[in-house]
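A short write-up of the structure that comes next.
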Amino acid sequence: MKKIKQLIIKNWSVIAIVIIWFGIVLTNFSPNTFLSGWDNLHSEFNFSINLKRALFASWQEYQGLGLLGGMGHGADLFRQILLWISSLVLPVNFIRYFFHFSMLLSGSLGIYFLLKDFVLEKYSEFGKKWGALAGAIFYLFNLGTLQSFYLAWEAFSVHFGFLPWLFWGVFKYLREPSKKNLLIFVLINILAVSQGYVATVFLVYVMALGLVLAGYVALGHSGEERSDDSRIRFWMRPVTAGLTRMTRKVLIIFLIIFCVNAFWLVPNLYFVFNDVGTNTGAKMNLMATEDNLLRNKEYGDFKNSALLKGFWFENVELQNNGSTDYIMGDWVNHFQNPYFSGIGYMLFGLSVLGIIFSLTTKNKKALVFLPVLLLAFTFLANDTIGFFSLNKILYKLPLFSQIFRFPFTKFSILTAFCLAVFYGVFISVILSCFRHSGEERSDDSRIRFWMRSSPVGGSLTRMTIILFFILLPIIFLYPIFQGKLFYVKEKAKIPAEYFLVFDFFKNQDKNTRIANFPQPTFWGWTNYNWGNQLYSGSGFLWYGIKQPILDRAFDVWSKQNENYYWEISYALYSKNRELFENILEKYQVNWLLVDGNVINPGAEKALFLEELEKLLMADSSQLTANSNKQSAISYKQKLELVQTFGK
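Going by this note's numbering, the first residue of the sequence shown is number 4, and it counts up by one from there.
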């Protein structure tokens, strides 16, 4: 019992983080629902087929007519393996919840240990622990984190969860370049590899790491303690000796990163050099890229960038009550109260003070993150004086506007991470100025100057200050504890008939192809009406079906897939039965999956379901709906399978 008590006392701050995280889990998990919608990965629908797709990721056979993978599909391999193991004890509907919740905890603990073990190591033990806790809570409760998880997607969650650990591993290896620490760094990178599913997120990490290492070298870190006359000896010895040791470490770090990620990165680079024109020239991207950049620019002024407030706050969608409203409606209402925006600006200002304190206390390990913050904030503040001109130049570079067409989603987590680091520095320096348990105050007279005229030495005052700064980020985003972490429409009750369809296709020839209907628009986005719930997203059927599906979500990666859409749409809307059948034969379509749950808000007639039914029921030598419909099974009036061409 005594050992347990000592363990609790020693790790009280970690326990505090876990308790706060557990409160988030309890208030945001909805039983009997799947966390699904918008962009999502549902490998839990069929681990067998999805693991194979991740293992043989260069060619994505299941995506329509088959295509060269333009995303880092292979990067999801290790994540899927871990989720498959977790599926042995977790119900299938909780697995995706579990993953995103675990990333929240991982990121919070990661930045805590990064701050405690490295960034804040020069401050008092008292200030160090509280500063690390404050930084962890800031990282957990900020608008960048909220918007990344509100419409949860795996790559961004992994980026949040492992970014602090990646830097922790780098600092640990630089301090002591042993085989053990090298292995730890390798393992962290393996766990973080899924951020590469969106290759630009991985690129952001590499850019940030490059700046940190450059700063580490420039500020004179050598991994060894120098004596007081090191500045004199620096000029008396060959400069190359220290640089060579440091360069070797840096090269090893980047070599490890490349080797760990090469299995998905090389195929992705092959796509970039050989087929990127397909992506940039796709109808969807031609229509959306400029609009997306303008949406980001609208929130690129300083007042929104300082709050980490992005374009998600203006996105609207048809809601369950039948009205069109903001996706983040609850949060839009929350910030109509100016006090909460004021807290956000206060948090930003305190982080800026943390930068100043890092300079005055010569905290080199904190200052290496200053260039990273400037980089990330530049992309967020793309309509702010001082940052606008640089953005204008960068976006004239080839492919740059396509790669970073959503700069907020790529850089908001990194910005939040850096601000959390400096927030932790601010708290640590302030608290290090107090005497605690016989500890000396901070040695830096410039910091003590701030405290000299204030009666802040008492325990009560100290605890009041601590609680104020610890609770400030939580108060800022307290609706998270009201179940507002995830978009309400993403807590989906997926109808059982979809899983019956999955079961049906398990017993069918894997070399057949499915055409799903209706497809009223070229946008790779589908809206569903499941009775009392609306659902929208890029799709989920292919995660449970091994056969290729001709869905619009894949058109941005294949001209052939997009051509199929234009051809089949023309045939359907012209009611040309013969042409319709010829196109199905041309593209070797064996199954039609007609989903009456699909809606097209504002243009319901474009679904063309009645006209499609007439084509399918027509007496035709090729469409064998009447003879095969029973064997194909109708699971529900609104969800039908029709087999074609005698397969």
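C-beta: ideal position from N, C-alpha, C; glycine also.
This structure is a prediction, so every number in the text was calculated from the model and none was measured.
Can you tell me the Cα-Cα spacing of residue i and residue j, whole angstroms?
i, j, result
"N264", "T250", "21 Å"
"G583", "L68", "Residue identity differs from the one stated: residue 583 is Phe in this sequence, not Gly. Roughly 17 Å between the two C-alpha positions."
"N295", "S462", "51 Å"
"E500", "A518", "18 Å"
"L377", "L58", "37 Å"
"N510", "E64", "19 Å"
"G223", "F174", "14 Å"
"V220", "A369", "14 Å"
"S181", "G113", "21 Å"
"N585", "L575", "12 Å"
"E179", "L185", "9 Å"
"A423", "G110", "11 Å"
"Q522", "L400", "35 Å"
"I23", "I473", "12 Å"
"Q550", "G527", "19 Å"
"S457", "C436", "In this prediction, S457 scores a pLDDT of 47, lower than 50, which makes its location untrustworthy; the coordinate-derived value is nonetheless stated afterwards. Spanning the two alpha carbons is a distance of roughly 11 Å."
"L383", "L311", "8 Å"
"N629", "K617", "No answer about N629 holds up, because its pLDDT of 33 lies below 50 and its placement is not dependable."
"R82", "W168", "16 Å"
"L272", "C262", "14 Å"
"R580", "E317", "43 Å"
"V432", "S51", "52 Å"
"K5", "I11", "10 Å"
"V253", "N49", "40 Å"
"V215", "L177", "12 Å"
Among the residues of its own chain, which have a CB less than 7 Å from the CB of residue i, if the five just before and after it don't count?
i, result
"G172", "I187, F188 and I191"
"K513", "K549 and Q550"
"A285", "D558, V559 and E565"
What residues in its chain sit with their C-beta under 6 Å from that of residue i, if we drop five residues either side in the sequence?
i, result
"F420", "L166"
"N336", "none"
"N590", "Looking at the sequence shown, residue 590 is not Asn but Tyr. Cβ neighbours of Y590 beyond the five flanking positions: Y567."
"A379", "F414, L417 and T418"
"F502", "none"
"T3", "The displayed coordinates of the chain run from 4 to 650. Any statement about residue 3 would go beyond what the structure contains."
"F159", "S151"
"F121", "F174 and K368"
Thinking C-beta only, is residue j closer than 8 Å to residue i?
i, j, result
"I552", "W545", "yes"
"E493", "L108", "no"
"P482", "D333", "yes"
"F489", "F205", "no"
"I416", "G147", "yes"
"G357", "Y426", "yes"
"M74", "F163", "no"
"F411", "N299", "yes"
"F508", "L595", "no"
"V592", "L615", "no"
"F144", "P476", "yes"
"G480", "L29", "Reading off the sequence shown, one finds Leu at residue 480, where the question assumed Gly. Not in contact: L480 and L29 (Cβ atoms no closer than 8 Å)."
"L362", "F429", "no"
"V95", "E157", "no"
"V196", "A78", "yes"
"K125", "N385", "no"
"G218", "V21", "no"
So, for residue i: in the same chain, excluding its five sequence neighbours on each side, which residues have a beta-carbon less than 8 Å away from its beta-carbon?
i, result
"K132", "S16 and K119"
"L70", "W62, Q63, F557, W560, S561, Q563 and N564"
"I260", "N192, V209 and L212"
"A309", "G347, Y348 and F351"
"T381", "F390, L393 and N394"
"S541", "W41, D42, N43, G527, W528, T529 and A556"
From the DSSP secondary-structure annotation, give me the bridge partner or partners of residue i.
i, result
"L71", "W62"
"Q536", "W533"
"D328", "E320"
"W171", "Partner(s): none; W171 has no beta bridge."
"K494", "L38"
"I477", "The partner list for I477 (beta bridge, DSSP) is empty, contrary to what the question assumes."
"N340", "The partner list for N340 (beta bridge, DSSP) is empty, contrary to what the question assumes."
"F520", "V597"
So, does the CB of residue i fall closer than 8 Å to a CB anywhere in chain B?
i, result
"F25", "In the displayed structure, chain B is absent; only one protein chain is listed."
Check whether the segment 264 to 274 touches the segment 528 to 539, taking contact to mean three or more Cβ pairs, one atom from each stretch, closer than 8 Å.
no
Tell me whether the segment 32 to 40 and the segment 122 to 142 touch, counting them as touching only if at least three CB pairs, one residue from each stretch, are closer than 8 Å.
In this structure the segment 32 to 40 does not touch the segment 122 to 142; the number of beta carbon pairs closer than 8 Å is below three.
Taking 8 Å as the cut-off, does the segment 90 to 103 touch the segment 394 to 405 (at least 3 CB pairs, one atom from each stretch)?
no
Does the segment 80 to 87 come close enough to the segment 9 to 23 to have 3 or more Cβ pairs within less than 8 Å?
No, because fewer than three Cβ pairs between the segment 80 to 87 and the segment 9 to 23 fall closer than 8 Å, the two stretches do not touch.
Cβ contact check for the segment 389 to 402 and the segment 284 to 295: 3 or more pairs under 8 Å:
no
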